[in-house]
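Input: a single structure, listed below in structure tokens.
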Amino acid sequence: MDNRNKDKPDKKPNWEDRFEGAKVDGKRKHITKAGFRTKKEVLEAGTKALAEYNNAGLVFTPSEVSVADYLNYWFEQYVKPIECIAKIELIDILGFSIIRHARGFITNAVVKPIKVAAPIHS
Numbered sequence: 003m004d005n006r007n008k009d010k011p012d013k014k015p016n017w018e019d020r021f022e023g024a025k026v027d028g029k030r031k032h033i034t035k036a037g038f039r040t041k042k043e044v045l046e047a048g049t050k051a052l053a054e055y056n057n058a059g060l061v062f063t064p065s066e067v068s069v070a071d072y073l074n075y076w077f078e079q080y081v082k083p084i085e086c087i088a089k090i091e092l093i094d095i096l097g098f099s100i101i102r103h104a105r106g107f108i109t110n111a112v113v114k115p116i117k118v119a120a121p122i123h124s
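All letters in the sequence shown, in the order written, are residues 3 to 124 by the numbering used here.
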């Protein structure tokens, strides 16, 4: 929390909130929001922003839906559409392979991930 314009007498106070987020490429990253008029405003907004960040941006809205009902909904909306595509693609790609070949491919894919070549820039 900082008053950015405290040394500039012709400007109004402009409070800023900053907290450290997750490191990206080993470098510290800060999340900053400025433009608050008072210290109280920046404290309230900063506390709320940090709580949202720590909760991964998820907003919890309590409801009367049971976990079983939600899982059924999730399965129908997200798993079923992909299930058909996955079955078709897997059967087309791996359907005629011999099991021992597929097992070796899967083992190698897990132990030695496939490397993608770097794109060539012209």
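Glycine included, each C-beta is placed from N, C-alpha and C at the ideal position.
Checklist entry - For Thr-34, does the three-state DSSP call read helix, strand or coil? => result Within the sequence shown, the letter at position 32 stands for residue 34. Thr-34: strand per DSSP, three-state reduction.
Checklist entry - Considering only residues of the same chain and omitting the five flanking positions on each side of Thr-34, which have a CB-CB separation below 8 angstroms? => result Position 32 of the sequence shown, counted from the start, is the residue given in the question as residue 34. Excluding positions up to five away in sequence, the list reads Glu-18, Asp-19 and Arg-20.
Item to check | Beta-ladder partner(s) of Trp-76, from DSSP | outcome: Residue 76 sits at position 74 when you count from the first residue of the sequence shown. According to DSSP, Trp-76 bridges with nothing at all.
Next on the checklist: Taking only three categories from DSSP, how would you classify Lys-29?
Outcome noted: As a position in the sequence shown, residue 29 is number 27, starting the count at 1. Looking at Lys-29 - three-state DSSP - the assignment turns out to be strand.
Next on the checklist: Going by DSSP, what residue range makes up the beta strand (DSSP E) through Glu-46?
Outcome noted: Along the sequence shown, read from residue 1 onward, the residue named residue 46 stands at position 44. Not the beta strand (DSSP E): Glu-46 falls in the alpha helix (DSSP H), residues 41 to 56.
Checklist entry - For Glu-66, which three-state DSSP category applies? => result Counting from 1 along the sequence shown, the entry for residue 66 is found at position 64. Coil, per DSSP.
Item to check | Where Leu-92 falls, given that 16 or more other Cβ within 10 Å makes a residue buried | outcome: The residue given as residue 92 occupies position 90 in the sequence shown. By the 10 Å Cβ count, Leu-92 comes out exposed.
Checklist entry - Would a C-beta distance cut-off of 8 angstroms place Gly-23 and Tyr-55 closer than the cut-off? => result The residue you call residue 23 lines up with position 21 of the sequence shown. The residue you call residue 55 lines up with position 53 of the sequence shown. Taking 8 angstroms as the Cβ cut-off, Gly-23 and Tyr-55 qualify as a contacting pair.
Next on the checklist: Based on DSSP bridge pairs, tell me the residues matched to Glu-22.
Outcome noted: Here residue 22 refers to the residue found at position 20 when the sequence shown is read from its first residue. Answer by DSSP bridge pairing, in chain order: His-32.
Checklist entry - How many angstroms separate the CA atom of Val-26 from the CA atom of Val-81? => result As a working mapping, residue 26 is identified with position 24 in the sequence shown. As a working mapping, residue 81 is identified with position 79 in the sequence shown. One C-alpha to the other measures close to 31 angstroms.
Item to check | Own chain partners of Arg-30 with C-beta closer than 7 angstroms, once the 5 adjacent residues on each side are dropped | outcome: Numbered from 1 along the sequence shown, position 28 holds the residue referred to as residue 30. Correct list, in chain order: Glu-22.
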